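Note that the protein sequences, when read in sequence, are chains A and B. In our numbering, each number is its position in the first sequence, counted from 1, plus 38. In our numbering, each number is its position in the second sequence, counted from 1, plus 159. Beta carbons: idealized from backbone N, C-alpha and C, even for Gly. This one's a predicted model, so the numbers in the text were calculated from it and none came from an experiment. In what follows, a single structure is set out as structure tokens and then discussed.
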Amino acid sequence: MDVPPKALEAFPPSVKLICEAGTGYNNIPIELARKRGISVANIPTYSNESVAHMVITYIMNFGAAIFDQARMLQNNDRRNFKVFQPPIYEITGKTLGMVGGSGTIGTCVADVALPLGMNIAISSRSGKLPKGHKYENDPRVKVVPFDDLFRQSDYVSINCPLNSETRHSIGEREIRLMKPTAFLINTARGGIINEAELIKCMKEKVIAGAGLDTQEVEPPPEDSEIWKLDNVFLTPHIGWRRLETRQRLCDMTGDNIESYIKGERKNVVN
Amino acid sequence: MQPVQTQKTMSFAATRALRRPTAIFLNSSRLNYDNKLDFTRLASLTDLVCNEVDNVTSVNEIISLVQKHQPEIVITKEMAVPTQVLEAFPSSVKLICEAGTGYNNIPIKLARERGISVANIPTYSNEGVAHMVITFIMNFSAAIFDQARMLHNNDRSNFTVFQHPIYEITGKTLGMIGGSGTIGTCVADVALPLGMNVIISSRSGKLPKGHKYEKDPRVRVVSFDDLFRQADFVSINCPLNSETRHSVGAREIRMMKPTAFLINTARGAIIHESELVECMKERVIAGAGLDVQETEPPAEDSEIWNLDNVFLTPHIGWRRIETRQRLCDMTGDNIESYVKGDMKNVVN
């Protein structure tokens with residue numbers, strides 16, 4: 039929730055701590071808060087597996103054409119039960135490319151993608167995995183240049199933060215580098231993908247499908263064409279919504295408060 | 160019905176090394192229904208005739224096909240070869256290759272009496288099937304089927320207030336009926352990194368000696384009934400036989416947690432389907448994912464089609480393209496070993 043400067047300036051002097059029950063704190067003017075003697079705390083990490091497992095869910099579904107099958111059954115079209123229509127593929131041996139996948143969520147994805155038999159390609163500005171990275175010495179996990187990730191992957195997953203560098207970093211150019219049988223998955227932030235260019239590409243069937251748990255605007259505008267594309271599946275930013283994940287947010291907010299009361303500065307961002 | 164002759168010329172050296180017996184694939188479209196498979200190896204090992212249909216039910220048609228081509232090898236895919244047909248096979252037939260694992264469709268004792276070997280492919284799709292179990296687990300946890308249904312009805316209310324309970328997978332319990340076999344082990348290979356605990360029912364009460372997870376504290380053998388009581392996801396991973404037929408019904412489902420899900424990628428008849436339908440109508444459990452059904456497909460008017468807490472897939476565990484190509488290639492392996500006089504995967 040936005041806390042505009044005007045609101046912050048009108049806070050009574052009783053306010054000493056603002057707790058964001060989540061990770062991002064772009065919504066709070068943290069420098070102004072510090073000037074007014076108010077600490078701002080966040081929860082840096084609480085849902086790595088929850089988000090990572092949405093990536094896996096999309097991979098499994100695209101591999102087995104589940105969204106296509108669901109659509110046909112909803113239309114009372116049972117042809118798949120006579121002659122199976124959509125192409126479906128094994129997951130073993132396929133390549134998962136993670137844009138910015140060397141972080142904690144990307145590592146959680148790899149924890150499952152590797153036992154599924156996948157190879158992993160990661161793009162990283164440094165050209166290599168961080169020292170001490172869990173998969174630093176694993177031959178199945180390679181760092182590749184950004185463009186090569188799009189060319190080589192069967193599944194491209196976005197696992198980087200949204201910032202001025204990554205905003206709209208994936209658009210028509212990147213999608214056209216991908217294999218026509220490949221799938222694009224976004225569980226990170228909608229603004230990383232140039233959505234208008236994605237829609238154009240999906241209408242042209244440049245790639246086989248896209249699974250988006252985040253969109254540029256959430257929800258997308260009523261009249262956006264993105265709702266109508268049968269090769270795009272949308273979920274309403276559910277990576278964090280699992281019940282246990284939300285309960286953990288409550289409990290970790292409690293931890294932040296407890297540490298504040300004890301005079302410590304846990305998770306203070308200013 | 161048009162038998163199609165496919166022939167490839169072998170290299171001279173190869174021709175000297177191996178003879179090329181005539182083979183007829185009685186129902187090649189059951190396997191190659193999308194025409195995307197590569198039959199080159201089969202066609203180079205044999206003088207191959209493909210009957211490009213899904214199934215031949217007429218006894219006379221099968222007999223006439225086989226008598227016309229006088230094959231040494233007959234290839235089938237889940238196609239009944241009745242006793243009457245086998246008895247009318249010409250003496251040329253020496254090998255029946257089932258392009259799959261089950262061979263209930265072939266009277267193997269009679270075949271042996273007539274000097275015909277029957278070969279199968281015991282294992283070719285462990286991951287293909289295991290990964291369908293994982294797919295159902297991921298989807299039920301995140302209420303994907305419910306979301307898909309709403310979106311197809313142009314109902315976007317989830318994007319304003321999210322309607323469905325969804326859960327983390329970490330810490331949940333997967334119960335596998337008969338899960339100590341190869342497919343169950345492949346499921347565990349992924350379920351454990353997903354953070355699940357795994358419980359298995361086994362008649363012996365313990366994992367086989369040398370089992371991959373024998374010493375893993377996250378994998379335990381429990382009693383049949385306890386599996387249903389404790390699991391968040393129950394997956395059927397046992398073969399169909401007289402003991403397991405209809406072994407999962409209303410009694411077992413009513414022992415499950417109301418938030419639990421039932422998954423079947425094994426054989427439809429292990430579940431008592433009409434009892435399942437009743438339980439799902441009553442919402443005894445949260446959902447069922449069935450890649451196999453008692454009859455495939457279920458009867459047109461079966462209530463199972465209309466239950467919003469049941470998701471059906473048309474036995475796709477084996478249908479991934481690489482899996483079907485592997486079936487072709489391993490049938491080729493069986494044929495090659497037969498031609499070399501060194502029989503492989505013979506079941507009679």
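In or out: residue i buried (at least 16 other Cβ within 10 Å) or exposed?
i, result
"GLU231 (chain B)", "buried"
"GLY287 (chain B)", "buried"
"GLU58 (chain A)", "buried"
"ILE275 (chain B)", "buried"
"THR362 (chain B)", "Before going on, a small fix: residue 362 (chain B) reads as Arg here, not Thr. With fewer than 16 Cβ atoms within 10 Å of its Cβ, ARG362 (chain B) is classed as exposed."
"LEU281 (chain A)", "exposed"
"SER140 (chain A)", "buried"
"ALA45 (chain A)", "exposed"
"PRO258 (chain A)", "buried"
"MET290 (chain A)", "buried"
"PHE171 (chain B)", "With a pLDDT of only 49 at PHE171 (chain B), under 50, the local geometry of the prediction cannot be trusted, and no value is derived from it."
"GLU441 (chain B)", "exposed"
"GLY330 (chain B)", "exposed"
"PRO82 (chain A)", "exposed"
"VAL121 (chain A)", "exposed"
"ASN396 (chain B)", "buried"
"VAL320 (chain B)", "exposed"
If you draw a straight line from the alpha carbon of residue i to that of residue j, how long is it in whole angstroms?
i, j, result
"ILE56 (chain A)", "THR332 (chain B)", "38 Å"
"LEU204 (chain B)", "ILE280 (chain B)", "17 Å"
"ARG117 (chain A)", "VAL292 (chain B)", "23 Å"
"GLN229 (chain B)", "VAL244 (chain B)", "14 Å"
"GLU174 (chain A)", "ASN157 (chain A)", "14 Å"
"THR61 (chain A)", "ASN232 (chain A)", "23 Å"
"LEU366 (chain B)", "VAL147 (chain A)", "29 Å"
"ARG214 (chain A)", "GLY247 (chain A)", "13 Å"
"PHE295 (chain B)", "GLY448 (chain B)", "6 Å"
"THR216 (chain B)", "THR219 (chain A)", "37 Å"
"ARG273 (chain B)", "ALA458 (chain B)", "38 Å"
"ARG315 (chain B)", "MET309 (chain B)", "7 Å"
"PHE198 (chain B)", "LYS236 (chain B)", "15 Å"
"ARG74 (chain A)", "VAL306 (chain A)", "15 Å"
"VAL498 (chain B)", "PHE221 (chain A)", "43 Å"
"VAL469 (chain B)", "ALA108 (chain A)", "11 Å"
"VAL150 (chain A)", "SER187 (chain B)", "36 Å"
"ILE328 (chain B)", "LEU486 (chain B)", "33 Å"
"GLU432 (chain B)", "PHE119 (chain A)", "18 Å"
"GLU47 (chain A)", "ILE76 (chain A)", "11 Å"
"GLU434 (chain B)", "CYS209 (chain B)", "41 Å"
Can the beta-carbon of residue i be found closer than 8 Å to that of residue j?
i, j, result
"GLY249 (chain A)", "PHE100 (chain A)", "yes"
"VAL270 (chain A)", "ILE264 (chain A)", "yes"
"ALA106 (chain B)", "LEU190 (chain B)", "Nothing in the structure corresponds to residue 106 (chain B), since chain B is present only between 160 and 507."
"LEU187 (chain A)", "GLY144 (chain A)", "no"
"GLY427 (chain B)", "GLU411 (chain B)", "no"
"ASN507 (chain B)", "ILE267 (chain B)", "yes"
"LEU512 (chain B)", "THR242 (chain B)", "Lying outside 160 to 507, the shown extent of chain B, residue 512 (chain B) is not represented and no answer is given."
"LYS166 (chain A)", "VAL181 (chain A)", "yes"
"ARG483 (chain B)", "LEU207 (chain B)", "no"
"SER496 (chain B)", "MET502 (chain B)", "yes"
"ILE265 (chain B)", "VAL252 (chain B)", "no"
"THR256 (chain A)", "PRO274 (chain A)", "Note that residue 256 (chain A) is Glu in the sequence shown here, rather than Thr. Their beta carbons are under 8 Å apart, which means GLU256 (chain A) touches PRO274 (chain A) by this criterion."
"PHE387 (chain B)", "MET415 (chain B)", "yes"
State the start and end residues of the unbroken alpha helix (DSSP H) segment that holds residue i.
i, result
"CYS487 (chain B)", "480-498"
"ILE158 (chain A)", "Looking at the DSSP string, ILE158 (chain A) is not in any alpha helix (DSSP H); the run it does join, the beta strand (DSSP E), is 157-161."
"PHE184 (chain A)", "184-190"
"GLY292 (chain A)", "281-299"
"ARG271 (chain B)", "267-272"
"PHE122 (chain A)", "Unbroken run through PHE122 (chain A): none, as it is neither H nor E."
"PHE387 (chain B)", "383-389"
"ALA45 (chain A)", "43-47"
"SER433 (chain B)", "432-440"
"ILE358 (chain B)", "Run containing ILE358 (chain B): none in the alpha helix (DSSP H); it sits in the beta strand (DSSP E), 356-360."
"ILE196 (chain A)", "Premise fails: ILE196 (chain A) lies in the beta strand (DSSP E), 193-196, not in any alpha helix (DSSP H)."
For the beta strand (DSSP E) that residue i lies in, which residues bound it at each end?
i, result
"ILE208 (chain A)", "From DSSP, ILE208 (chain A) is part of no beta strand (DSSP E); its letter is neither H nor E."
"LYS180 (chain A)", "179-181"
"TYR96 (chain A)", "Looking at the DSSP string, TYR96 (chain A) is not in any beta strand (DSSP E); the run it does join, the alpha helix (DSSP H), is 86-101."
"LEU466 (chain B)", "That residue, LEU466 (chain B), is in no beta strand (DSSP E); it is neither H nor E in DSSP."
"MET136 (chain A)", "133-137"
What beta strand (DSSP E) runs, 3 residues minimum, are completely inside the region 174-223 of chain B?
-> Runs of the beta strand (DSSP E) inside the region 174-223 of chain B: 181-184 and 206-210.
What residue ranges within the region 290-340 of chain B form continuous alpha helix (DSSP H) runs of no fewer than 4 residues, ordered along the chain?
-> Look at the region 290-340 of chain B and you find these whole runs of alpha helix (DSSP H), each 4 residues long or longer: 303-311.
Ordered list of alpha helix (DSSP H) runs contained in the region 223-262 of chain B, each at least 4 residues | 242-246
Only counting runs of 4 or more residues, tell me where the alpha helix (DSSP H) segments fall wholly within the region 207-265 of chain A, in order along the chain.
-> List check, alpha helix (DSSP H) in window: 210-215 and 233-241.
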